[in-house]
Every structure is written in C-alpha cells, then in structure tokens.
Amino acid sequence: MFIGEMKNKLKFNFSQIITKITNSPYSAKSTYKITIEINHCNDIFFKKAKISKNNWKTNLNHIFISKLKQIFSENFCDDFNQLFSIKIFSHHQPIYITGRYKKYSRHISQTPWLVDSSYKPLTSIQEILSPKFCEYLQSNVSFSASGREDIDVQMLGSGRPFILAFNDPKYGTLEQDLLVEIEKSINSSTTLLEVSKLYIANEKALKYLHEVGETKRKSYTFVNFLTSSALIFCDTILEDHTLNVFNSTKDLKINQWTPIRVMHRFIIDYNLGALC
-2 MFIGEMKNKL
8 KFNFSQIITK
18 ITNSPYSAKS
28 TYKITIEINH
38 CNDIFFKKAK
48 ISKNNWKTNL
58 NHIFISKLKQ
68 IFSENFCDDF
78 NQLFSIKIFS
88 HHQPIYITGR
98 YKKYSRHISQ
108 TPWLVDSSYK
118 PLTSIQEILS
128 PKFCEYLQSN
138 VSFSASGRED
148 IDVQMLGSGR
158 PFILAFNDPK
168 YGTLEQDLLV
178 EIEKSINSST
188 TLLEVSKLYI
198 ANEKALKYLH
208 EVGETKRKSY
218 TFVNFLTSSA
228 LIFCDTILED
238 HTLNVFNSTK
248 DLKINQWTPI
258 RVMHRFIIDY
268 NLGALC
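First residue of the sequence shown? That's -2 in the numbering used here, and the numbers climb one at a time after it.
See below:
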C-alpha cells in the first residue's frame, strides 16, 4: 500500500470513528476541524533507503512493508511510545460578522486607544460591540472597519461598514435570529452608537473591506448653514486678485504628514490629498 493511500484510509477511518463517538455526520465543508498529527521516528522508516528512479513507488512500498515487519515484533508495545507520537487538535474556523455602525458621540474612538500606559478615551466602538458577541462565542475578537473617523467626529448617514473576526469560537456559526437579538441589545444599552445590518460574512468580505478602505476618497466641506456658503477666517484682508487666484486653483495636491495628535498610533508618513 502506498503511503498516500494509507493516509486517505486513515483519514476515512478516523472520520467514521469520530462520527460514531460524537453522533454528528462528517462533512468536508464543516467549520469544525479536527487535526490528527502522527509522527514517527525517521531512523526506523526508510533508513539509508535507496529508491530507484524508474520504479520508486514499488520500491518505496517494499521498504515500508519490510520496516513494518521489523517493527511489529514481540517488543512492539514496549517500543511504540518511542516510535510514534500522536497529537489531536480541534478548532472552529473563524467567524466573521459584518454590519454598519453610526457614532453619535464625539468622545469615543474606533478601537482601544493606549496613551502612556493608560486608555484614552474611556471606551471605544470595539469595546462596546465585542462583549455582546463574546457572551455567545467565547472567543478572542478583532475589529476592522472601512476607514475611520476622528474621536471628535460623528459617523452618521448610512453608517460605516465593519467586521468582527472571532478566532476559534465555541460555536461554528450564529443564527440570524440571534444576530437580530444582539443588534437590539447593543442599541438599547447605549446612546453612544447604533449598529445595523448584522449578518455572517466570510474572509473574502474582510479582504474586500480593507481594499475599499485603502482606495476610499474623503470629501470635506465647510459650510455656513445661515448663508449656505463656505466661511473662512483670515488674519489679513484678502485683495480681489488673491481671491481670484484661490478660485481659479483646481485639484491642488497636498502631501499631509501624520498629524501630531495621532503620531503615537501610526507610522510617520504622509498622505496625498487634494483641494478641488
């Protein structure tokens, strides 16, 4: 029997045994994975084996069978622990939950913000959302969003897309009805933010979220709501010809260095911006 064929047979037999013990059907698409690692002593198998290039499969089988006959002797049970080691690992594949959040408070950050060994501000969007899900999944969580806003900026409109990734959760998935309950629980427990459109996603959604965040363009407008026009303060009186220069300038590119207020969180670099 070729080693690859033996591996497949072991995999099939183990799956049947586990199915019988757990009373759960086997599925290759299941999010719950069981890994069985079998290691053997290389000095016992194929030591100084010479394999013909023309008939390597047959020779390998003969060598394997020959070594098995040597191993399965009267002292096999005594030597087994030295010849083999078996390790079993089990885990659930990560669960990705996506949705949108609106931020009404101007005093919370998107993720925990550590400054001089203390957390500032006192809470964050991640810290508000995560516990509600962790009650059910009992798992570590990481938070990702499509872009970010400053602490003192609200996030309104349709909300900002986000994804919570749970590594090795206790359960393989969450039913949509439970997600609706969690959504209601979060929104009723705080006035700092609001979440909506929670549903189960996959790893591709996380990758897409990061790609969109990198290519997203931001547009800022300063408006005087009384006159519906921009309101700008200057230290000196601007002449008409200076204003004409400003008005005629389009798509002015600006290299903006990392602001001092966030230098403790991000790499010092510059971002390309434009005034239109």
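All C-beta atoms in this analysis are idealised placements derived from N, C-alpha and C, irrespective of residue type, glycine included.
Tell me where the alpha helix (DSSP H) around residue i begins and ends.
i           : result
leucine 240 : 237 to 245
Which same chain residues, not among the five before or five after residue i, have their C-beta less than 7 Å away from its C-beta?
i           : result
leucine 206 : Ser141, Ser143, Pro158, Ile160
Which two residues bound the contiguous beta strand (DSSP E) that contains residue i?
i            : result
threonine 95 : 92 to 100
lysine 250   : 249 to 254
Among residues of its own chain, excluding the 5 on either side of residue i, which ones have a beta-carbon nearer than 8 Å to its beta-carbon?
i              : result
glutamate 180  : Gly96, Val192, Ser193, Leu195
asparagine 169 : Looking at the sequence itself, residue 169 is glycine, so the reference to asparagine does not match. Excluding positions up to five away in sequence, the list reads Ser27, Thr28, Tyr29, His89, Gln90, Ile92.
serine 182     : Lys129
aspartate 237  : none
threonine 187  : Ile125
Applying the 10 Å Cβ sphere with the 16-neighbour rule, what's the burial state of residue i?
i                 : result
leucine 7         : exposed
proline 22        : exposed
lysine 17         : exposed
alanine 25        : exposed
serine 155        : exposed
phenylalanine 163 : buried
glutamine 135     : exposed
isoleucine 105    : buried
isoleucine 94     : buried
Determine the contact status of residue i and residue j, defining contact as a CB-CB distance below 8 Å.
i              : j             : result
isoleucine 14  : isoleucine 85 : no
threonine 108  : serine 121    : yes
lysine 294     : leucine 190   : No statement about residue 294 is possible, as the shown extent of the chain runs from -2 to 273 and does not include it.
aspartate 165  : arginine 103  : no
isoleucine 197 : leucine 235   : no
glutamine 173  : tyrosine 101  : no
If you drop the 5 nearest sequence neighbours on each side, which residues of the same chain put their C-beta closer than 6 Å to that of residue i?
i             : result
serine 127    : Val138
lysine 204    : none
asparagine 36 : Ser82
glutamine 123 : Thr108, Phe140
asparagine 5  : none
Kindly indicate if chain C contains any beta-carbon less than 8 Å away from that of residue i.
i          : result
serine 245 : Checking the listed chains, one finds no chain C in this structure; it contains a single protein chain.
Which runs of the alpha helix (DSSP H), 4 residues or longer, sit entirely within the stretch 105 to 193? 122 to 134, 173 to 186
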